[in-house]
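S.K.: Chains as they are written, first to last, in our numbering: chain A, 44 to 210; chain B, 37 to 234; chain C, 40 to 455; chain D, 411 to 808.
Heads up, the beta-carbon is just placed ideally off N, CA and C, and yes, glycines get one too.
Structure below; questions to follow.
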Amino acid sequence: METAFYVLAAVTVAGAVAAMALPRLVHCTLCLAVAFVGLAGHFLLLGAEFVSFAQVLVYVGAVAILVVFAMLLTRSADAPPAWVVSRPGLLGVGVAVLVFGCLAATVAGSGLAGREAPPAPEVTVKALGERLMAEYVVPLEVVGLLLTAALIGAVILALEDRAKGGT
Amino acid sequence: MKHTPGWGLLKGLFETARNFVGSYYQPGRLTTIEYPDERLPVQENFRNFPMLIYDGADPERGLRCVGCKICEKECPPQCIYIVLERDRSGKVQKRPRLFDIDVSVCMSCQICVEVCPFDAIKMNTEYELSTGDRFGALLLRKAELAKPNEYYRRLHPTEAAEVDARLAAAAQAKAAAQAKEQAKLTAKPAKPAWSTQP
Amino acid sequence: MRAQAGDLEMRGAFAAEPHGGGGRSAGSDAGWGAGAGHEWVRPAEPVGRLEGEWLEVAMGPHHPSTHGVFRMNVALEGERIRKLKPVFGYLHRNHEKIAEGTTYLGSMPYTDRLDYFCSLTNNWAYALAVETLAGLGVPERAEYLRVITGELTRLLNHACLVGFLLHDMGTMGTPLMYAFREREKILDLFEALTGARMMCNYLRFGGCRVDVPAGWLAGAQRVVDEFPRFLDEFENLLTTNEIVLARSQGVGVLSGALAVNAGITGPMLRASGVNYDLRKVDRYGIYDRFNFRVPLGEHGDVYDRYMVRILEMRESVKILAQALKDLPPGPILDPKSKLRGFRPRAGEAYGRIEAPKGELGFYLISDGSVRPYRYRVRPPSLINLTVLEELCLGHTVADAVIVLGSVDIVLGEVDR
Amino acid sequence: MMETLDQLFVLLKRWVVGEFPAAWRLWLSPLIDAGAIIGVFAGLFAVTTLLERKGLGRLQNRMGPNRVGPFGVLQPLADGLKMLTKEDIVPRAADRVVHFLAPIAMVTPILLAYAVLPFGRNLVAVDFDAGLLFFFAVGAGTELAVFMAGWSSRNKYSLLGAMRGIAQMISYEVPLVLSAVAVVLVAGSLSLPSIVDSQAGYHWGWLARWHVFTPWGLAGFILFLIAATAESNRSPFDLPEGESEIIAGHLIEYSGFKYALFFLGEYLGLFAVSALGITLFLGGWQAPVPFLAWVPSYLWFGAKLLGCIALFIWLRGTMPRLRTDQLMNFAWKFMLPLVLVNLVVAALWHGTAAWGFFGAGATRWLLGGAVLWLTYSALSHALFTAPGRGPRTYRYAD
Numbered sequence: 044m045e046t047a048f049y050v051l052a053a054v055t056v057a058g059a060v061a062a063m064a065l066p067r068l069v070h071c072t073l074c075l076a077v078a079f080v081g082l083a084g085h086f087l088l089l090g091a092e093f094v095s096f097a098q099v100l101v102y103v104g105a106v107a108i109l110v111v112f113a114m115l116l117t118r119s120a121d122a123p124p125a126w127v128v129s130r131p132g133l134l135g136v137g138v139a140v141l142v143f144g145c146l147a148a149t150v151a152g153s154g155l156a157g158r159e160a161p162p163a164p165e166v167t168v169k170a171l172g173e174r175l176m177a178e179y180v181v182p183l184e185v186v187g188l189l190l191t192a193a194l195i196g197a198v199i200l201a202l203e204d205r206a207k208g209g210t
Numbered sequence: 037m038k039h040t041p042g043w044g045l046l047k048g049l050f051e052t053a054r055n056f057v058g059s060y061y062q063p064g065r066l067t068t069i070e071y072p073d074e075r076l077p078v079q080e081n082f083r084n085f086p087m088l089i090y091d092g093a094d095p096e097r098g099l100r101c102v103g104c105k106i107c108e109k110e111c112p113p114q115c116i117y118i119v120l121e122r123d124r125s126g127k128v129q130k131r132p133r134l135f136d137i138d139v140s141v142c143m144s145c146q147i148c149v150e151v152c153p154f155d156a157i158k159m160n161t162e163y164e165l166s167t168g169d170r171f172g173a174l175l176l177r178k179a180e181l182a183k184p185n186e187y188y189r190r191l192h193p194t195e196a197a198e199v200d201a202r203l204a205a206a207a208q209a210k211a212a213a214q215a216k217e218q219a220k221l222t223a224k225p226a227k228p229a230w231s232t233q234p
Numbered sequence: 040m041r042a043q044a045g046d047l048e049m050r051g052a053f054a055a056e057p058h059g060g061g062g063r064s065a066g067s068d069a070g071w072g073a074g075a076g077h078e079w080v081r082p083a084e085p086v087g088r089l090e091g092e093w094l095e096v097a098m099g100p101h102h103p104s105t106h107g108v109f110r111m112n113v114a115l116e117g118e119r120i121r122k123l124k125p126v127f128g129y130l131h132r133n134h135e136k137i138a139e140g141t142t143y144l145g146s147m148p149y150t151d152r153l154d155y156f157c158s159l160t161n162n163w164a165y166a167l168a169v170e171t172l173a174g175l176g177v178p179e180r181a182e183y184l185r186v187i188t189g190e191l192t193r194l195l196n197h198a199c200l201v202g203f204l205l206h207d208m209g210t211m212g213t214p215l216m217y218a219f220r221e222r223e224k225i226l227d228l229f230e231a232l233t234g235a236r237m238m239c240n241y242l243r244f245g246g247c248r249v250d251v252p253a254g255w256l257a258g259a260q261r262v263v264d265e266f267p268r269f270l271d272e273f274e275n276l277l278t279t280n281e282i283v284l285a286r287s288q289g290v291g292v293l294s295g296a297l298a299v300n301a302g303i304t305g306p307m308l309r310a311s312g313v314n315y316d317l318r319k320v321d322r323y324g325i326y327d328r329f330n331f332r333v334p335l336g337e338h339g340d341v342y343d344r345y346m347v348r349i350l351e352m353r354e355s356v357k358i359l360a361q362a363l364k365d366l367p368p369g370p371i372l373d374p375k376s377k378l379r380g381f382r383p384r385a386g387e388a389y390g391r392i393e394a395p396k397g398e399l400g401f402y403l404i405s406d407g408s409v410r411p412y413r414y415r416v417r418p419p420s421l422i423n424l425t426v427l428e429e430l431c432l433g434h435t436v437a438d439a440v441i442v443l444g445s446v447d448i449v450l451g452e453v454d455r
Numbered sequence: 411m412m413e414t415l416d417q418l419f420v421l422l423k424r425w426v427v428g429e430f431p432a433a434w435r436l437w438l439s440p441l442i443d444a445g446a447i448i449g450v451f452a453g454l455f456a457v458t459t460l461l462e463r464k465g466l467g468r469l470q471n472r473m474g475p476n477r478v479g480p481f482g483v484l485q486p487l488a489d490g491l492k493m494l495t496k497e498d499i500v501p502r503a504a505d506r507v508v509h510f511l512a513p514i515a516m517v518t519p520i521l522l523a524y525a526v527l528p529f530g531r532n533l534v535a536v537d538f539d540a541g542l543l544f545f546f547a548v549g550a551g552t553e554l555a556v557f558m559a560g561w562s563s564r565n566k567y568s569l570l571g572a573m574r575g576i577a578q579m580i581s582y583e584v585p586l587v588l589s590a591v592a593v594v595l596v597a598g599s600l601s602l603p604s605i606v607d608s609q610a611g612y613h614w615g616w617l618a619r620w621h622v623f624t625p626w627g628l629a630g631f632i633l634f635l636i637a638a639t640a641e642s643n644r645s646p647f648d649l650p651e652g653e654s655e656i657i658a659g660h661l662i663e664y665s666g667f668k669y670a671l672f673f674l675g676e677y678l679g680l681f682a683v684s685a686l687g688i689t690l691f692l693g694g695w696q697a698p699v700p701f702l703a704w705v706p707s708y709l710w711f712g713a714k715l716l717g718c719i720a721l722f723i724w725l726r727g728t729m730p731r732l733r734t735d736q737l738m739n740f741a742w743k744f745m746l747p748l749v750l751v752n753l754v755v756a757a758l759w760h761g762t763a764a765w766g767f768f769g770a771g772a773t774r775w776l777l778g779g780a781v782l783w784l785t786y787s788a789l790s791h792a793l794f795t796a797p798g799r800g801p802r803t804y805r806y807a808d
């Protein structure tokens, strides 16, 4: 299990780094998908089947595809810039390191770090569903409503643009 | 017209199913001829490339062609090449020394057959002519083109019967004319080299 | 458009272009369209915000659905066609100039090769032109034989065309195979009669080359009797298929007015609702003796063009049944006609018939020699093709393919 | 005896695994499963290519392949040899790495999907609690493969093909998943073996309790089949390949072994999605009638799979292709509402399961069927009928 964790971690991190660093947008997207799959592997390793599969379904099956589709439609993926890391980019790395340091220090300083992890509860899909549909049904519905509103809003925006464009 | 959606799709599926089943027992549905194993019968009128007809047994002497070059002139793609025979003194003889047909050019139009006044060139029905040598083997020489009259009769019986009757009538008329002339002049004219045997 | 966009152009693949852009080098800027004097479909620079970039695609000459070596240069927005330029000439064989250098008879086998699906109607149009020029008559039996072979040709052409059209819609060749199955039977008849399946070279000036062999008429009768069954089967297969309806109705609409102005003829014109069939208008040959009707479309879309052809086949079957019944005995060749040394008097003539694809005409000028002084073909395929862009604009790539299919072209005739 | 025959492969594996030391067993068991799945379904792929060519041939009144071996049975072998010996062409402008990875990315997720499918009683590689979700999740990976192939080939046709492919697969995933959700709703489980178990038994001792014999199940099965056809890019939804329009779409620049891999992936996808349809609606490996229950379960499964494949071949030989916009309209405006209504009907069916009065079954059937039929006719009337559309009559001039 240890080995599996390290392999998955390596894949995930490598995918994430490549997604940031590669010059071609298409390669970045594909690497991002690899990172998503790696994350799903971690969930699986933790025994969270449902979350893992949902991760693949949503992130690989939808988010990555969305990016890909945007690329296909715009063709901006064809022109790779010479070098991606600009000076503000380096600044960004610095900020990221700072933030990571802060968070790590906080976590290490809190009481959580030393505590023995409780045994993972056995989560079945059934239990998950029952929770969502009974206890958390109102938040779920609110989220659904919000997403629907966003969807309709996007459609309306696109429609307006087309009307102005004249075609 | 009332049209239930989906019905057209089902009708199409039914039709293909009928054809699927039908192809196993209705010969009209499965028209495939598995060529190298079986062959369609050659139709009598079928034509492929021209051939030269000779009478008797000797392809050289019995050749009906007199080298008049009409076919060479009339051939639309000009695939016929004729050189006449000359005797020792250089005098042109009434038979071809070379008679080549480039079947890579020939378009099987049969015009040479129609314009030939001597019924010397006819259409062959041989169609398995594929070869690896497209320059040499597709240029048919006189020896390859020459076919006996019996062969022609076998390929095109109806047409050959007509031709034979016509030639026989012509030969008879000629013989009659000759006999008349002979009787009148009592001289013996040289027999034309291209006259055919009755 | 940015230079980098050239990445996706199929550079160099268009170097050998038969028309235009003579001095263009293969590696020029964006591959094509940049050459001098070569008008291409590239849009003017700035486009609307959401219009996106146009993708230029050369469909053909090596494309399975261009019915030969035909090319459509299309500019796509997504999959919508914004511009379309037909490019042809890949199969140009110099037919008209060759004909001016050969005898009248010598051109007859070449006409077989114009529209190689319909050699017998090509023969007919050419024979009609020469007969008009030379003042030859045609014996009655030969006229009947011409009608029989001509209508059989129409059957096989239309059957194959609708097969190809549906194949272009993506039916995996099933209707095409059924059409070819029937075509096979008609081709067998042609072979028995004329000696060749496709390059028939059957008609002669003033009649036909050979008379029908024994048993041929019975065979033809059988084929004609069975043909309506094939048509029923074909219509069951796809005529009311919802996908076919959705694909072909309202697609490639050709208005009657445009069709007339563009000189469109044949089933394509009639599908647009214009009643013009040379068999009725000219009554050439003996068509006034037969009882048949002319189906007319209403919308002028791909579906109408499909259905008009199906209905025309049904009418052709009627004509064939009548002609086979009435075929009189007699000679098949005008005694005045001759094969060699045929010299029509000086003058000019235009002979036209209703070929399966439209009005096929031959225009001849004679100077009294054995060769025509001028020889010109009016090819229905080419002229029907001229409205292609009109029909395709605003539709998708998939529609362009079936619109082209419904025009019914044979490149041998388009390029000549 | 029959019990042993039914469990033959399970016992065989148990025996083989048992022969090895305990440390190996953890790894050996999945390896054997994977090997068996790859072997069996690659074999089925070979058989199917032959069956398809033969079947299409007969549908089109042709012979089909009959030259290699008796009745052409060795044709797949010849095809395979041809594919392997062909030159592997990569366009100069192509993105070589992505071009190389695309076929692999196509086949791998599809093979993974087989892990959760129960091919017979106890014959399943992994029984995930969320097996159905796993199936759909890995299936999503093939979309990326289509994109990789289309984009990396650097061909306009392949780009168009990839665009069509992704749009189509995404759109049809929604009705595909939702039609499966109806089953989940009734069976109360995402695990495929338990879904099969929920269809065990017979009404009145002869009518199998398969979901397809309920109104929502029948509608769901048809919708599932349509969506599955679209997901596996087969006619009438073969737009991404559309060889009369964009020649071969995303596959245009592939040759040799890579093309064969795509081909394999496509067929494996077809088998997988058919197997899922069988599991969800056709009772999985259950026998259709009680007196034939002695036949080993995997044989029933195989027979049903072959039946599905035959159906797909039949459809392919008959149907024309849709157009892109019609395809999208069909998915979003027709299938999606219908599938949602079907979900409601399934819920009603589930809710009224306790009805006990005489003729309750018939009433439920009629009610559910009526709701679905009304939705179907209303939707098709609203979407597919317009003035000038539909069969026409023609006038004649004399």
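What residues of chain A sit near D:M558, judged by a beta carbon separation below 8 Å?
M.R.: For this step, residue 558 of chain D is matched to residue 148 along the fourth sequence. Per Cβ cutoff of 8 Å: L73.
S.K.: Measuring CA to CA, which of A:T72, A:L65, A:V103 is closest to A:V80?
M.R.: In the first sequence, counting from the first residue as 1, residue 80 of chain A sits at position 37. Nearest of A:T72, A:L65, A:V103 to A:V80, Cα basis: A:V103.
S.K.: Grab the span of the beta strand (DSSP E) containing B:D136 for me, first residue to last.
M.R.: By one-based count along the second sequence, residue 136 of chain B stands at place 100. 128 to 138 is the span of the beta strand (DSSP E), which, as asked, contains B:D136.
S.K.: With H, G and I counted as helix, E and B as strand and the rest as coil, what does DSSP make of C:E56?
M.R.: Sequence index remark: in the third sequence, residue 56 of chain C carries index 17 (1-based). Reliability fails at C:E56, whose pLDDT of 39 lies under 50, so the model's placement of it is uncertain and no value is given.
S.K.: Could one say the Cβ of D:P698 lies closer than 8 Å to chain C's Cβ atoms, at least one of them?
M.R.: As a position in the fourth sequence, residue 698 of chain D is number 288, starting the count at 1. Closer than 8 Å: no.
S.K.: Note down, in chain order, every chain C residue with its Cβ under 7 Å from the Cβ of B:V151.
M.R.: Taking the second sequence and counting its residues from 1, one reaches residue 151 of chain B at position 115. Going along chain C in sequence order, the residues near B:V151 (Cβ under 7 Å) are L378, R379.
S.K.: How would you label D:Q696, buried or exposed, when you count the other beta carbons within 10 angstroms and need 16 or more for buried?
M.R.: The sequence position of residue 696 of chain D within the fourth sequence is 286, counting from 1. By the 10 Å Cβ count, D:Q696 comes out buried.
S.K.: Pick from B:C142, B:N160, B:L175, B:K105: whose alpha carbon is nearest that of B:V151?
M.R.: As a position in the second sequence, residue 151 of chain B is number 115, starting the count at 1. The shortest Cα separation from B:V151 among B:C142, B:N160, B:L175, B:K105 belongs to B:K105.
S.K.: If you scan the region 124 to 210 of chain C from start to end, which runs of the alpha helix (DSSP H) of 4 or more residues do you find wholly inside it?
M.R.: Counting only runs of 4 or more, we get 134 to 139, 143 to 151, 158 to 173, 179 to 207.
S.K.: With a 10 Å radius around its C-beta and 16 neighbouring C-beta atoms as the bar for buried, classify A:E165 as buried or exposed.
M.R.: As a working note, residue 165 of chain A is residue 122 in the first sequence. Per the 10 Å Cβ criterion, exposed.
S.K.: Using a C-beta to C-beta distance shorter than 7 Å, which residues of chain C count as neighbours of B:L191?
M.R.: As a first step, residue 191 of chain B is located in the second sequence; it is residue number 155 there, counting from the start. The contacting residues do not exist; B:L191 stays about 11 Å from chain C at best.
S.K.: Name, please, each residue of chain D whose Cβ falls closer than 7 Å to the Cβ of C:P103.
M.R.: For the purposes of this step, residue 103 of chain C is taken as the residue at position 64 of the third sequence. In chain order: E653, S654, I657.
S.K.: What did DSSP end up calling C:L94 once you bin it into helix, strand or coil?
M.R.: For the purposes of this step, residue 94 of chain C is taken as the residue at position 55 of the third sequence. Three-state result, C:L94: strand.
S.K.: My output table needs one value for D:R477: the three-state DSSP class, helix, strand or coil.
M.R.: Against the fourth sequence, residue 477 of chain D aligns to sequence position 67. Note: D:R477 maps to coil in three-state DSSP.
S.K.: Run through chain C and tell me which residues come within less than 7 Å of B:C145, C-beta to C-beta.
M.R.: Counting from one through the second sequence, the residue named residue 145 of chain B turns up at place 109. Chain C residues near B:C145: P148, N240.
S.K.: Three-state secondary structure (DSSP) at C:D438?
M.R.: Here residue 438 of chain C refers to the residue found at position 399 when the third sequence is read from its first residue. Three-state DSSP puts C:D438 in a helix.
S.K.: Nearest to D:S679 by alpha carbon, out of D:I719, D:Y664, D:I662?
M.R.: As a working mapping, residue 679 of chain D is identified with position 269 in the fourth sequence. What sits at residue 679 of chain D in the sequence shown is Gly, not Ser. If we check each option's Cα against that of D:G679, D:I719 comes out closest.
S.K.: Run through DSSP, which three-state label would C:K396 get?
M.R.: Taking the third sequence and counting its residues from 1, one reaches residue 396 of chain C at position 357. Coil.
S.K.: With DSSP as the reference, label B:P86 as helix, strand or coil.
M.R.: Taking the first residue of the second sequence as position 1, residue 86 of chain B is located at position 50. Three-state result, B:P86: strand.
S.K.: Can you pull out the residues from the region 467 to 479 of chain D whose beta carbon lies closer than 7 Å to at least one beta carbon of chain B?
M.R.: Listed by position, the residues of the region 467 to 479 of chain D near chain B (Cβ gap below 7 Å) are R468, L469, N471, R472, M473.
S.K.: Is the CB-CB distance between C:G245 and C:S146 below 8 Å?
M.R.: What you label residue 245 of chain C is simply residue 206 of the third sequence in a count that begins at 1. What you label residue 146 of chain C is simply residue 107 of the third sequence in a count that begins at 1. Not in contact: C:G245 and C:S146 (Cβ atoms no closer than 8 Å).
S.K.: So is C:L35 in contact with chain B if we call contact Cβ pairs under 8 Å?
M.R.: Outside the displayed range of chain C (40 to 455) lies residue 35 of chain C, so it cannot be described from this structure.
S.K.: For B:I157, does the three-state DSSP call read helix, strand or coil?
M.R.: Start at 1 with the first residue of the second sequence, and residue 157 of chain B comes out as number 121. B:I157 falls in the strand class under three-state DSSP.
S.K.: Apply the 10 Å Cβ neighbour rule to C:V440 and answer buried if 16 or more other Cβ atoms are within range, or exposed otherwise.
M.R.: On the third sequence, residue 440 of chain C is found 401 positions in, with the first residue counted as 1. That one is buried.
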